[in-house]
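Residue numbers (our numbering): 1047 to 1250.
Below, the structure is given as structure tokens:
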């Protein structure tokens, strides 16, 4: 049985995402900006949102730890969409072609359930082609936990051996592959297009 369906990651596969996009608008000094992103709003801190922790809790804890940055920390939630950049080059076209070819499209994203609705509302055309999106914060599971892939396959009605999973992070791809899903670590749309052509999901 060949590959018949595709599951995408969202951040840095479909859309560019970087907290720097938000905070470079708020912190003028480049060194201070680098230090804030490195030491305060760390990936480990943000991962709590993806796992379902409320922003009110995490921001209060972080503001207590770094009171001099309290105002900046509190902006993370209400201005989260400002950390989202443009669609990754070539991906809108690729998704459109897959949709027009009748390939079932889905997504699994490590994303806060609080931040997701505003993000989703701001993005229409690309996601209109997706049949379902599993948001980590809504289910309390995150990639690369095997449980989130099992839940997604069951919810989407897919067989792992007939599914391609695409993610920019190697550990997330490996997590999906461990369940028998074919994985593709995303680098750019050109390399993904070549893979999709080899799998027969696109004709050119």
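Backbone N, C-alpha and C fix where the C-beta goes; we use that ideal spot for every residue, glycine too.
Problem set entry | CB contact flag (residue 1223, residue 1211, <9 Å) | Counting from one through the chain shown, the residue named residue 1223 turns up at place 177. Counting from one through the chain shown, the residue named residue 1211 turns up at place 165. Contact flag set, yes.
Problem set entry | Nearest neighbour of residue 1136, chosen from 1125, 1200 and 1235 [CA to CA] | Stepping through the chain shown from its first residue, residue 1136 is reached at position 90. For residue 1136, the nearest C-alpha among the options comes from 1235.
Problem set entry | C-beta contact flag for residue 1067 and residue 1117 at 9 Å | Start at 1 with the first residue of the chain shown, and residue 1067 comes out as number 21. Start at 1 with the first residue of the chain shown, and residue 1117 comes out as number 71. Cβ atoms of residue 1067 and residue 1117: not closer than 9 Å.
For this session: Go through its chain and collect everything with a Cβ distance to residue 1160's Cβ below 8 Å, but skip five positions before and after it.
Result: Position 114 of the chain shown holds residue 1160. Correct list, in chain order: 1095, 1100, 1101, 1123 and 1183.
Problem set entry | Beta-carbon separation (whole angstroms), residue 1156 vs residue 1189, contact threshold 8 Å | For the purposes of this step, residue 1156 is taken as residue 110 along the chain shown, with counting starting at 1. For the purposes of this step, residue 1189 is taken as residue 143 along the chain shown, with counting starting at 1. Right, their Cβ atoms sit about 5 Å apart.
Problem set entry | Three-state class that DSSP yields for residue 1134 in the structure shown | Here residue 1134 corresponds to residue number 88 of the chain shown, with the count starting at 1. Here residue 1134 carries a coil assignment [DSSP, helix/strand/coil].
For this session: Please classify residue 1221: is it buried, with 16 or more other beta-carbons within 10 angstroms of its beta-carbon, or exposed?
Result: What you label residue 1221 is simply residue 175 of the chain shown in a count that begins at 1. Its Cβ being crowded by 16 or more others within 10 Å, residue 1221 is buried.
For this session: Select from 1203, 1195 and 1065 the residue whose C-alpha is nearest the C-alpha of residue 1125.
Result: Position 79 of the chain shown, counted from the first residue, corresponds to residue 1125. The shortest C-alpha to C-alpha distance from residue 1125 to any of 1203, 1195 and 1065 is the one to 1065.
Problem set entry | Buried versus exposed call for residue 1199 [16 or more other C-beta atoms within 10 Å across all chains shown] | Taking the chain shown and counting its residues from 1, one reaches residue 1199 at position 153. Answer is buried; the Cβ neighbour count reaches 16.
Exercise. Got a sec, what are the start and stop residues for the alpha helix (DSSP H) residue 1216 sits in?
Worked result: Numbered from its first residue, the chain shown carries residue 1216 at position 170. Taken as a continuous stretch (DSSP letters only), the alpha helix (DSSP H) holding residue 1216 covers 1216-1223.
Problem set entry | Rounded Cβ spacing between residue 1175 and residue 1141 (contact assumed at less than 8 Å) | Your numbering for residue 1175 matches position 129 in the chain shown. Your numbering for residue 1141 matches position 95 in the chain shown. Under the criterion of beta carbons closer than 8 Å, residue 1175 and residue 1141 qualify as touching, at roughly 6 Å.
Problem set entry | Among 1150, 1180, 1147 and 1152, the one whose alpha carbon lies nearest that of residue 1163 | By one-based count along the chain shown, residue 1163 stands at place 117. From the listed residues 1150, 1180, 1147 and 1152, the smallest Cα separation to residue 1163 is found for 1180.
Exercise. Are residue 1056 and residue 1153 close, meaning C-beta to C-beta below 9 Å?
Worked result: One-based indexing of the chain shown puts residue 1056 at position 10. One-based indexing of the chain shown puts residue 1153 at position 107. Yes, the pair counts as a contact, with Cβ atoms nearer than the cut-off.
Exercise. Which residue from 1214, 1228, 1187 and 1185 puts its Cα closest to that of residue 1204?
Worked result: Taking the first residue of the chain shown as 1, we reach residue 1204 at position 158. Residue 1228 is the option with its Cα nearest to residue 1204.
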